[in-house]
Structures are given as structure tokens and as C-alpha cells.
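Residue numbers (the numbering used here): 144 to 374. Below is one structure; the comments refer to it alone.
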């Protein structure tokens, strides 16, 4: 699964570079003006990133994807002079629409995938929007899950947790926000990072391999935000 995610990310960003390079090539050949096209159609990148996050996460990061896609659509319509240029006129109606879609679609996708139930101690599923929270996981059989911080901050303390079967996978997404994760030194941490105008820092230190008690796989997506993994 990790290999699949890495390949999908590599292919996606490769295609983005091919498209941008192709535009500049057309500009050089006097077929089209790359600067004009990029200034008008840059929001398409937000839409593509939203779609990529949606598909690569198995539809788990629904809220994150909806926000990016909605922002991309609004900015694109503004650039094409279909909407007025004051984006704040559309901010609150757009927020209501996204919240409504999230409430409608989220339970349906939960039932179809059945991988990430509501947080019950062993499984984490939490979203933070325009707020902050600190959560300490004390389960001795933690199975992983997901956490999203959007225009807010989140602290996850896993230093008192144990891993079921010796491993777990957690999905972290920070958009205009930050997530700090504390892990035990006896865990090996494998990070699959996707920073988009953001940062993912892994500064944790582990004990020698012979003393490792488990492996935590982290898929970290930071968009105009940051994710820090530490001891």
C-alpha cells in the first residue's frame, strides 16, 4: 500500500510538471502564452490536488478534498470573470455547502470502506477546524486512523500507546494548520510525506533496531501547514 501511494504521488506530480513544462514550450513556440494561461488557470492545481488526495486516501480525506476542490472552483470562476473578484462574498456560502456535503457523504463512505470507525480508543478519527485540541492515546492495542487539522492546531501524544500486532498506520492532514505528534523511542516510524507549500518534519529518535517494539506508518499531507513528528 505504501508503494502504491508513493507511485501515485510520483505519477501525479510528474504529470503536473509535464503540463507546466508543456505550457512553457507552447509559449516558446508562440503557440500560446504560458503566463496568461497560468495566471488564469492556476486554481486547476487546487482541484487536481483535491482529487488526488481523495483518490489516494481511499476517500478517507473527504473534508480536505472538498475544501481544496471548492476553493479551486471558486478561484477559477473568478479568474474567468464568471464570478465577482471579491472572494469573501462566496466564503461563507461555500463553507456551508462544503459542511453539508461532508455531513451527507462522510457516513456513506464510512459504510463502504469500513476501515476507520469512530474513535473508540484503539482507532483514531478526528478533525479539527478553526480550533485546537490535544489528544493522548493510551490504548495498548492502537490500530491507527486519521487526524485532520484545518485552520487549527492539533497535538497527538502516542507515547503511552501500544501497537496492535506491532504496527499501525495513521493518516495526517494539515491545511493552514499544524499537527504535532509525539511517538515513543521504541517505535520505528516510516513517513510517507506530501508537503504542498508546507512542511513535514521528522525529528524523532529511535532506539537500536534490536529494541524496537513496533512500527508506525505515517502518511502526512501538509498544505500551507506543518506536521512535526518527535519524541
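Even glycine gets a Cβ: it sits at the ideal position worked out from N, Cα and C.
Residue i versus the options, residue with shortest Cα-Cα distance
| i | options | result |
| --- | --- | --- |
| residue 222 | 182, 334, 170 and 197 | 182 |
| residue 184 | 206, 197 and 214 | 214 |
| residue 373 | 353, 332 and 271 | 332 |
| residue 320 | 304, 309, 357 and 369 | 369 |
| residue 119 | 285, 267 and 219 | Here the chain comprises residues numbered 144 to 374, so residue 119 is not present and cannot be evaluated. |
| residue 186 | 356, 220 and 205 | 220 |
| residue 209 | 225, 189 and 227 | 189 |
| residue 281 | 356, 164, 306 and 289 | 306 |
| residue 266 | 272, 287 and 226 | 287 |
| residue 268 | 295, 227, 313 and 293 | 313 |
| residue 365 | 283, 244 and 192 | 192 |
| residue 295 | 275, 354, 159 and 289 | 275 |
| residue 240 | 227, 344, 164 and 212 | 212 |
Secondary structure of residue i, DSSP reduced to three states
| i | result |
| --- | --- |
| residue 165 | helix |
| residue 306 | strand |
| residue 271 | strand |
| residue 255 | Caution is warranted here: a pLDDT of 40 is assigned to residue 255, below 50, making its placement in the model unreliable, and the coordinate value is therefore given only provisionally. The answer is helix: DSSP assigns residue 255 an H, G or I state. |
| residue 299 | strand |
| residue 183 | helix |
| residue 236 | helix |
| residue 285 | strand |
| residue 365 | strand |
| residue 345 | strand |
| residue 220 | helix |
| residue 265 | coil |
| residue 159 | helix |
Buried versus exposed call for residue i [16 or more other C-beta atoms within 10 Å across all chains shown]
| i | result |
| --- | --- |
| residue 207 | buried |
| residue 371 | buried |
| residue 348 | exposed |
| residue 317 | buried |
| residue 251 | Residue placement at residue 251 is flagged as unreliable, the pLDDT there being 48, under the threshold of 50; a coordinate-derived value is accordingly withheld. |
| residue 367 | exposed |
| residue 352 | exposed |
| residue 335 | buried |
| residue 257 | Residue confidence is low: residue 257 scores 39 on pLDDT, short of 50, so the model does not pin down where it sits. Its coordinate-derived value is still stated next. That one is exposed. |
| residue 293 | buried |
| residue 205 | buried |
| residue 161 | exposed |
| residue 260 | Low local confidence applies: a pLDDT of 36 at residue 260 is under 50, so the model's placement there is unreliable, and no value is given. |
CB contact below 8 Å: residue i versus chain B
| i | result |
| --- | --- |
| residue 332 | In summary, chain B is missing from the structure at hand, where a single protein chain is found. |
For the pair the region 295-303 and the region 335-344, tell me if three or more CB-CB distances fall below 8 Å.
no
> Would the region 317-332 and the region 358-368 be scored as touching if the rule is three or more Cβ pairs under 8 Å?
Replying inline: yes
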